[in-house]
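> Read left to right, the sequence shown gives residues 145 to 372 (our numbering).
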Amino acid sequence: MALIMVRTVIVFLVLLIIMRLMGKRQIGEMQPFELVITLLISELACIPMADASVPLLYGIVSVVTIFVLHELVTLIDLKGKPFKALLSGKPGVVVNKNGIDAYELKRNRLDVSDLIESLRTAGYFSLDSIDYALYESNGTFSALPKKDYEEKQTSLPLVILSSGKFDEKNLQFSGLSAEFFRGILHNKGVKEKDVLVLTADGTGKLYLQENGKKYQTMQVEYPGGRTW
Numbered sequence: 145m146a147l148i149m150v151r152t153v154i155v156f157l158v159l160l161i162i163m164r165l166m167g168k169r170q171i172g173e174m175q176p177f178e179l180v181i182t183l184l185i186s187e188l189a190c191i192p193m194a195d196a197s198v199p200l201l202y203g204i205v206s207v208v209t210i211f212v213l214h215e216l217v218t219l220i221d222l223k224g225k226p227f228k229a230l231l232s233g234k235p236g237v238v239v240n241k242n243g244i245d246a247y248e249l250k251r252n253r254l255d256v257s258d259l260i261e262s263l264r265t266a267g268y269f270s271l272d273s274i275d276y277a278l279y280e281s282n283g284t285f286s287a288l289p290k291k292d293y294e295e296k297q298t299s300l301p302l303v304i305l306s307s308g309k310f311d312e313k314n315l316q317f318s319g320l321s322a323e324f325f326r327g328i329l330h331n332k333g334v335k336e337k338d339v340l341v342l343t344a345d346g347t348g349k350l351y352l353q354e355n356g357k358k359y360q361t362m363q364v365e366y367p368g369g370r371t372w
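See the structure below:
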């Protein structure tokens, strides 16, 4: 028991030193290769701590080797832009002044609901309240709001139609029917299957974007003066 405790203390101190040498970013927002290295270190450190039959030196040498690899990869990441994009990826601009970039969303393995969730987390509820939004290479989300963005989000927008499919739960919450929105799309000459996203807020403001086209907003009156 005492041997295991001593080995654990030694591995802990070695890991502490290694993580400090790797820099602050390693304990903050990590790039993909840094996450892989961190996972490897945790696995390598567990073996000599849990199994007394494994020489402690083996674990330490493995962790130090991973540290050396980290330094080499970091050097490549800093010195060569093509390698940086390959190792860490690059930011994806998912919203621009034309609206949502569906290609960038797919490239980042995301859909409209993921984007809207990220927007809400950042404090933006309306898609038309921002000019740009992007996912950084480390997975964090950033958005550039319009100057008057607070005036554009006075009510909670609901995703009514996404990728050509109605959201039944949001329709039920709004108290509006799919036929009501189909009528609006018909008047605009927009096919349901071509809609990337359609949102509606409680004041009657709609945000509509077709696949491959710039978004448009419109003000409508809900049946029965419905609001939320």
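Here a beta-carbon is modelled for each residue, glycine too, at the ideal position from N, C-alpha and C. Predicted model only: the values in this text are computed from it and were never measured.
1. Quick one: grab the DSSP three-state call for I171.
2. What are the boundary residues of the beta strand (DSSP E) that includes D258?
3. Is the region 298 to 308 close to the region 339 to 349, with three or more CB pairs under 8 Å?
4. With distances taken Cα to Cα, identify the nearest neighbour of Q353 among G267, N314, S307 and V208.
5. Output yes or no for whether 8 Å exceeds the beta carbon distance between G267 and R251.
6. Would you tell me roughly how many angstroms separate the C-alpha atoms of I154 and L200, rounded to the nearest one?
7. Is T247 buried or exposed, if buried means 16 or more other CB atoms sit within 10 Å of its CB?
8. Per DSSP, which one or two residues make a beta bridge with M362?
9. Suppose the cutoff is 6 Å on Cβ atoms and the five residues either side in sequence are ignored; what does the same chain contact list for K335 look like?
10. S306 lies in the beta strand (DSSP E); which residues open and close that run?
11. Alpha carbon to alpha carbon, how far is Y351 from V238? Give it in angstroms, no decimals.
12. If distances are taken between C-alpha atoms only, which option among V198, D245 and L288 comes closest to K358?
13. Taking S286 as part of the beta strand (DSSP E), name the residues at either end of that continuous run.
14. Could you check if I191 is buried or exposed, using at least 16 other CB atoms within 10 Å of its CB as the buried criterion?
15. What three-state label does DSSP hand R370 in the structure shown?
Once the coordinates are examined:
1. If you number the sequence shown from 1, residue 171 lands on position 27. Unreliable positioning characterises I171 in this predicted model, as indicated by a pLDDT of 46, which lies under 50. A coordinate reading is not provided.
2. Position 114 of the sequence shown, counting from 1, holds the residue named residue 258. Note, D258: premise wrong, no beta strand (DSSP E); alpha helix (DSSP H) at V256 to A266.
3. Cβ pair count under 8 Å is three or more, so yes.
4. Counted from its first residue, the sequence shown places residue 353 at position 209. Of the listed residues, the one whose Cα sits closest to Q353 is S307.
5. Along the sequence shown, one-based indexing puts residue 267 at 123. Along the sequence shown, one-based indexing puts residue 251 at 107. Not in contact: G267 and R251 (Cβ atoms no closer than 8 Å).
6. Within the sequence shown, the letter at position 10 stands for residue 154. Within the sequence shown, the letter at position 56 stands for residue 200. If you take the alpha carbons of I154 and L200, they lie about 9 Å apart.
7. For the purposes of this step, residue 247 is taken as residue 103 along the sequence shown, with counting starting at 1. Strictly speaking, residue 247 in this sequence is Tyr, with Thr absent from that position. Exposed, by the Cβ-count rule.
8. Here the question's residue 362 lines up with position 218 in the sequence shown. According to DSSP, which records beta bridges pairwise, M362 is partnered with L350.
9. Counted from its first residue, the sequence shown places residue 335 at position 191. Here the set comprises nothing.
10. Counting from one through the sequence shown, the residue named residue 306 turns up at place 162. Where S306 is concerned, the enclosing beta strand (DSSP E) stretches over L302 to S306.
11. Position 94 of the sequence shown, counted from the first residue, corresponds to residue 238. Position 207 of the sequence shown, counted from the first residue, corresponds to residue 351. Going by the C-alpha atoms only, they are around 16 Å apart.
12. The residue labelled residue 358 in the question sits at position 214 within the sequence shown. If we check each option's Cα against that of K358, D245 comes out closest.
13. As a first step, residue 286 must be located in the sequence shown, where it is residue number 142. According to the DSSP assignment, S286 belongs to the beta strand (DSSP E) that extends over F285 to P289.
14. The residue given as residue 191 occupies position 47 in the sequence shown. So I191 counts as exposed.
15. Counting from one through the sequence shown, the residue named residue 370 turns up at place 226. Looking at R370 - three-state DSSP - the assignment turns out to be coil, as it is neither helix nor strand.
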